[in-house]
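Report on the structure given below.
Protein chains: 2
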Amino acid sequence: MVRVGLTAERLAQAGAELADEVGFDQVTVSALARRFDVKVASLYSHVKNSQDLKTKIALLALEELADRGAAALAGRAGKDALAALANVYRDYAREHPGRYAAAQLRLSPEAAAASAGGRHAQMTRAILRGYDLTEPDQTHAVRLLGSVFHGYISLELGGGFSHSAPDTQETWSRILDALDALLRSWPEPAPARDPAGARIGEARQQV
Amino acid sequence: MVRVGLTAERLAQAGAELADEVGFDQVTVSALARRFDVKVASLYSHVKNSQDLKTKIALLALEELADRGAAALAGRAGKDALAALANVYRDYAREHPGRYAAAQLRLSPEAAAASAGGRHAQMTRAILRGYDLTEPDQTHAVRLLGSVFHGYISLELGGGFSHSAPDTQETWSRILDALDALLRSWPEPAPARDPAGARIGEARQQV
DNA sequence: GAATTTGCCTAAAGGCTTTAGGCAATTGCA
DNA sequence: TGCAATTGCCTAAAGCCTTTAGGCAAATTC
């Protein structure tokens, strides 16, 4: 009986590769066992269960992404920094769609705390140092950037933009221009309006 | 043997309810059969397979969402329209998280063509009539709005914003303010810069 | 009321997950 | 170097999900 030398790390790594090849939600303990040419039960000495395996892959992806982000951000500020980080996310998603999907996995609070999630938030905040925002507005801006990056990338990757005319690269750089412009002149809160401002009240009811 | 009266529509409807209760990816042919107190195999006369069931739920959700959007948009323009549509998406996601997740399902080209996807695109374009954008910029803006709505909602729903201070309702309305301001003064494309503009070249290589 | 269609059922095979218990390879230590 | 303890991968088995095939009974049609 030859030992293959399985470890949790090798499983996570191989799981990440598998995810890129067949999609994150096709990653299965069975498929991974086949890839190592080993019986399924053998993996259960290294991962608790399927969820645990997926979590390990997610943590790996978040870590890789944070490393790339940090490298890209070094020595840049303002719009350069903004574009650099944004491109890190987008490029990573294109090179490693499975890993990128893994990075979106909803983590348990404990896993989240141990993840590179905090580094990601820090990097976005670092970008905002190049713009002149008050503290609460900074948080709003962090959330906006996260939303745009994540939303755009997942729509683009999912083929949501495929059909129409201007290519997505063009849209992407125009969106970065737009975000830069927006952050340079971040608007005041709009005054509540009456006739149609009812919407605001409606939305609040549901919180 | 009492007949329950299964139809594809009832299955989709019940599947949508199940999705809201247990999460879209916990929706399974077996679970749905249990819910109707019927044997699993019976469902296979009405849906081709598990994927088909999920597609039907997705189509239903897209349809519902489009109906709500159309209703909300009626008689509104400019920022009112923007906020109305945005709130439709967000409110729907909160009321019906499973259906909302279903609506993000990647559809086959045929299913996509038969879906309410087109109506959604039309609604976003309709909003932009209240702003002064050239044709290609309109497409960029449609994509931006889609990205922000989808990205924000999925992050908020996934708990990505939970920890920090300003509540998410506040951020949401500030983001709507920001988008409105941005659309009112949509920026020119930034001129390509040299030293750090290398990014643009790098990104283009990968297309 | 008989014939046809339709709807739900039983049966069965195949796949993934997870646990329990076992033997052999490796490692650690005299 | 040789023995003991540990560790790694295996077999076995149970449970759940998917999907197909074929059958009987209820509903529909004429």
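So the protein sequences, as listed, match chains P and Z.
Every letter in the first sequence is one number past the one before it in our numbering, and letter 127, counting from 1, is 127.
Every letter in the second sequence is one number past the one before it in our numbering, and letter 15, counting from 1, is 222.
Ideal placement from N, C-alpha and C gives every residue a C-beta, glycine not left out.
Beta-carbon within less than 7 Å of residue i's beta-carbon, same chain only, minus the 5 sequence neighbours each way: which residues are those?
i: LEU314 of chain Z; result: THR262, ALA265, SER322
i: ARG68 of chain P; result: VAL88, TYR92
i: ASP227 of chain Z; result: HIS303, PRO304, GLY305, ARG306
i: ALA121 of chain P; result: VAL142
i: PHE231 of chain Z; result: GLY305, ALA308, ALA309
Along the chain, where does the alpha helix (DSSP H) containing residue i start, and where does it finish?
i: TYR152 of chain P; result: 135-157
i: GLU188 of chain P; result: Here GLU188 of chain P belongs to no alpha helix (DSSP H), and DSSP marks it neither H nor E.
i: GLN51 of chain P; result: 50-73
i: LEU43 of chain P; result: 40-43
i: PHE243 of chain Z; result: 236-243
i: ARG217 of chain Z; result: 215-229
Between residue i and the rest of its own chain, which residues show a CB-CB distance below 6 Å, the 5 nearest in sequence each way excluded?
i: VAL38 of chain P; result: VAL4
i: SER50 of chain P; result: VAL29
i: ALA190 of chain P; result: none
i: GLU17 of chain P; result: none
i: ALA318 of chain Z; result: THR262
i: GLY197 of chain P; result: Residue confidence for GLY197 of chain P is low, a pLDDT of 40 falling below 50, so the modelled location carries little weight and cannot support an answer.
i: GLU270 of chain Z; result: ALA323
i: LEU145 of chain P; result: THR124
So residue i and residue j are in contact, right, with Cβ under 8 Å, and what is the actual spacing, rounded?
i: ALA215 of chain Z; j: HIS253 of chain Z; result: 5 Å
i: LEU85 of chain P; j: ALA72 of chain P; result: 6 Å
i: LEU218 of chain Z; j: LEU260 of chain Z; result: 7 Å
i: VAL349 of chain Z; j: THR378 of chain Z; result: Rounded, the Cβ-Cβ distance is 22 Å, inconsistent with contact.
i: HIS357 of chain Z; j: ILE175 of chain P; result: The pair is not a contact, with the Cβ atoms about 14 Å apart (cut-off 8 Å).
i: PRO394 of chain Z; j: ASP177 of chain P; result: 5 Å
i: ASP180 of chain P; j: LYS79 of chain P; result: 4 Å
i: SER147 of chain P; j: LEU362 of chain Z; result: 6 Å
i: ALA133 of chain P; j: LEU389 of chain Z; result: Here residue 133 of chain P turns out to be Leu, not Ala, going by the sequence shown. With 8 Å as the limit, LEU133 of chain P and LEU389 of chain Z do not qualify as a contact, their Cβ atoms being about 15 Å apart.
Skipping 5 residues on each side, what residues in its chain have a beta carbon closer than 8 Å to that of residue i?
i: ALA288 of chain Z; result: LEU280, ALA333, ILE334, GLY337
i: ALA22 of chain P; result: In the sequence as presented, Ala is not what sits at residue 22 of chain P; that position holds Val. Contacts found: ALA31, GLY98.
i: ALA14 of chain P; result: LEU32, ARG35, PHE36
i: ARG76 of chain P; result: ALA84
i: LEU213 of chain Z; result: PHE243, VAL245, SER249, LEU250, SER252, HIS253
i: ASN40 of chain P; result: Per the sequence shown, the amino acid found at residue 40 of chain P is Val instead of Asn. Excluding sequence neighbours, VAL40 of chain P sits near VAL29, SER30, ALA33.
i: VAL2 of chain P; result: none
When every heavy atom of the ligand GTP is checked, does at least one fall within less than 7 Å of the C-beta of residue i?
i: ALA41 of chain P; result: Inclusion of the ligand GTP in the displayed structure is not the case, the ligand content being empty and no account of it being possible.
task = Pick out the complete alpha helix (DSSP H) segments inside the region 75-116 of chain P, 4 residues or longer, and give them in chain order.
result = 78-95, 97-103, 109-114
request  = Please name the residues in the region 347-363 of chain Z whose beta-carbon is closer than 9 Å to at least one beta-carbon of chain P, in chain order.
outcome  = HIS347, ALA348, VAL349, ARG350, LEU351, GLY353, SER354, VAL355, PHE356, HIS357, GLY358, TYR359, ILE360, SER361, LEU362, GLU363
key: chain Z contacts made by the region 89-104 of chain P, where a contact means CB separation under 7 Å   = ASP91, ARG94
message = Short of 9 Å Cβ to Cβ, which residues in the region 167-182 of chain P face chain Z?
response = ASP167, THR168, GLN169, GLU170, THR171, TRP172, SER173, ARG174, ILE175, LEU176, ASP177, ALA178, LEU179, ASP180, ALA181, LEU182
task = May I ask you to list, following chain order, the residues of the region 211-240 of chain Z that have a beta carbon less than 8 Å from some beta carbon of chain P?
result = ASP232
query = Using a beta-carbon distance cut-off of less than 7 Å, what residues from the region 313-338 of chain Z approach chain P?
reply = ARG313
query = Taking a cut of 8 Å between CB atoms, which residues from the region 237-268 of chain Z lie near chain P?
reply = none
Near-chain P residues of the region 274-287 of chain Z - C-beta to any C-beta below 8 Å = ARG283, LYS286, ASP287
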